[in-house]
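>
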Amino acid sequence: MPVINVNNRNQYALITGATSGFGYELAKLFAKDGFSLVIVARSQERLQEVTDELKQQYNIEVTPISSDLFRPTAAKEIYDEVRTRGIVVNYLVNDAGQGEWGRFIDIDLQRSLDIIQLNICSLVALTKYFATDMAARGDGHILQLGSEAGKAPMPLLSVYAATKAFVISFSAAISNELEGTGVNVTVLLPGASDTDFFHKANMEYTKAYREESLQTPEDVAHDGYEALMSGESRVISGGKTKMHVYMANLLSDETNAVNMRKLMEPSEKEDGRTASGHSASHKERESIGRESGDLKER
Ligand SMILES: NC(=O)c1ccc[n+]([C@@H]2O[C@H](COP(=O)([O-])OP(=O)(O)OC[C@H]3O[C@@H](n4cnc5c(N)ncnc54)[C@H](OP(=O)(O)O)[C@@H]3O)[C@@H](O)[C@H]2O)c1
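Going by my numbering, the letters in the sequence shown line up with residues 2 to 299, in that order.
1) Determine the direct distance from the alpha carbon of Leu157 to that of Arg262, and round the result to whole angstroms.
2) Taking the alpha-carbon positions, what's the Glu298 to Tyr13 distance?
3) Going straight from the alpha carbon of Val326 to that of Ala174, what length do you get?
4) Does DSSP put Leu144 in a helix, a strand or coil?
5) Is the beta carbon of Phe105 sitting closer than 7 Å to the one on Ser159?
6) Taking Leu127 and Gln99 to be in contact with their CB atoms under 8 Å, please state how far apart those CB atoms are, rounded to whole angstroms.
7) Return the bridge partner residues of Tyr13 from the DSSP annotation.
8) Taking 6 Å as the line, does the beta carbon of Pro306 fall inside it for any heavy atom of ligand 1?
9) Nearest-angstrom Cα distance between Leu146 and Glu271?
10) Would Met155 be called buried (16 or more neighbouring beta carbons within 10 Å of its own) or exposed?
11) Give every residue of the same chain whose Cβ lies closer than 8 Å to the Cβ of Arg138, excluding the five residues on either side of it in the sequence, and list them in chain order.
12) Apart from the five residues just before and just after Leu93, which ones in its own chain have a Cβ nearer than 6 Å to its Cβ?
13) Using a Cβ-Cβ cut-off of 8 Å (strictly less than) and excluding sequence neighbours within five positions of Leu30, which residues of its own chain qualify?
14) Taking all protein chains shown into account, do 16 or more other C-beta atoms lie within 10 angstroms of the C-beta of Gln111, making it buried, or fewer, making it exposed?
15) Counting Cβ pairs closer than 8 Å, one from the region 76-85 and one from the region 49-61, do we hit at least three?
16) Considering only C-alpha positions, which residue in the set Gly181, Lys165, Leu38, Gly239 is nearest to Val1?
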């Protein structure tokens, strides 16, 4: 068992999306440093697995909350539950997010609205509840999951990319507003990474997934965690992502859309990637009863 910093035991981090991908890796980083955790996702079974794993491996407190952040009332319910339990949240990580591949007009409207609810409305509501308390206490740290997708319009992933543009803009603005309050807001911009995201978004057949190199969730989480702990307002994870963001800033929205579309098109490569190499993503897939190539549910 690693040596735990007992001074952090009274500090709580609340992480949405902590059962897979970046959220899971971020939960492990907080756990390694001895923080107590509140972890949020939909799958109760997977939450229990991660709770047991983190408690056993790091000897920390873990409180699982099963909640569907597609629901407009979910953020308030989570906030109320945390308060009822007497937990003070010192670190908020708004990680949970989804996308959906396809032409906007072909995607079920409710699916697009759910994505906006999850990626924007629930993130804004959780930020509002916890940042208000943090500012009143004069101490708090917030990590928001943006994406390089928020820097360029993305045909065939239009709503998702637009939600991430919101997250980047919103986070930079409130980071500025909160200067001097003791509350830091960090936005993390990863590039395409090897998580369950592509599966939930029905993007397994795209060039981006099958042909491109992907970042590891471990590396992305490490970059986000370091930036959060040092109070940086933004971190772009990975050299390739930095280059993409640099180029996107130079080009027009129209040119960016043309470039992005190429990556979003179905791949014709027969021996490309078909499944995530990240173990938590495999478990996530099992817990929702899905396998690679099964595109029916989310
Ligand atoms: N992977 C990439 O290429 C990439 C790149 C840049 C940014 N991002 C962003 O990174 C964040 C994390 O994604 P990831 O790539 O780590 O994906 P992931 O492996 O699919 O993990 C998503 C996590 O969010 C939870 N979640 C999904 N929908 C939810 C809902 N409606 N309510 C509550 N929890 C929900 C999932 O658990 P349940 O399914 O049990 O709810 C899971 O714990 C997202 O905001 C994503 O947009 C991803």
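All residues carry an ideal CB built from backbone N, CA and C; glycine is no exception. Here the structure is a predicted model, which means the values were calculated and not measured.
Here's the rundown:
1) Position 261 of the sequence shown, counting from 1, holds the residue named residue 262. Position 156 of the sequence shown, counting from 1, holds the residue named residue 157. About 7 Å.
2) Here residue 298 refers to the residue found at position 297 when the sequence shown is read from its first residue. Here residue 13 refers to the residue found at position 12 when the sequence shown is read from its first residue. In this predicted model, Glu298 has a pLDDT of only 42, less than 50, meaning its place in the structure is not dependable; the value taken from the coordinates is given anyway. The alpha-carbon atoms of Glu298 and Tyr13 are separated by roughly 33 Å.
3) As shown, the chain starts at 2 and ends at 299. That puts residue 326 outside it, with no answer to give.
4) For this step, residue 144 is matched to residue 143 along the sequence shown. It is a strand residue.
5) Position 104 of the sequence shown, counted from the start, is the residue given in the question as residue 105. Position 158 of the sequence shown, counted from the start, is the residue given in the question as residue 159. In this structure, Ser159 lies closer than 7 Å to Phe105 by Cβ.
6) Translated into the one-based positions of the sequence shown, residue 127 becomes position 126. Translated into the one-based positions of the sequence shown, residue 99 becomes position 98. About 16 Å separates the CB atoms of Leu127 and Gln99; that is not less than 8 Å, and the two are not in contact.
7) For the purposes of this step, residue 13 is identified with residue 12 of the sequence shown, where counting begins at 1. Residue pairing of Tyr13 in beta bridges, as defined by DSSP: Ser37, Val90.
8) What the structure shows of the chain is the stretch from 2 to 299, and residue 306 is not part of that stretch, so it cannot be assessed.
9) Looking up residue 146 in the sequence shown gives position 145. Looking up residue 271 in the sequence shown gives position 270. Using only the alpha carbons, I get a separation of about 32 Å.
10) Position 154 of the sequence shown, counting from 1, holds the residue named residue 155. Counting Cβ neighbours within 10 Å, Met155 comes out buried, since at least 16 surround it.
11) To locate residue 138, count along the sequence shown from 1; it is residue 137. So the qualifying residues of the chain are Val89, Gly183.
12) For the purposes of this step, residue 93 is identified with residue 92 of the sequence shown, where counting begins at 1. Closer than 6 Å at Cβ, skipping near neighbours: Leu15, Phe131, Ile143.
13) Here residue 30 is taken as the residue at index 29 of the sequence shown, counted from 1. Result list for Leu30: Ala222, His223, Tyr226, in chain order.
14) To locate residue 111, count along the sequence shown from 1; it is residue 110. Exposed, by the Cβ-count rule.
15) Cβ pair count under 8 Å is below three, so no.
16) The shown model of the chain, from 2 to 299, leaves out residue 1, and the question about it has no answer.
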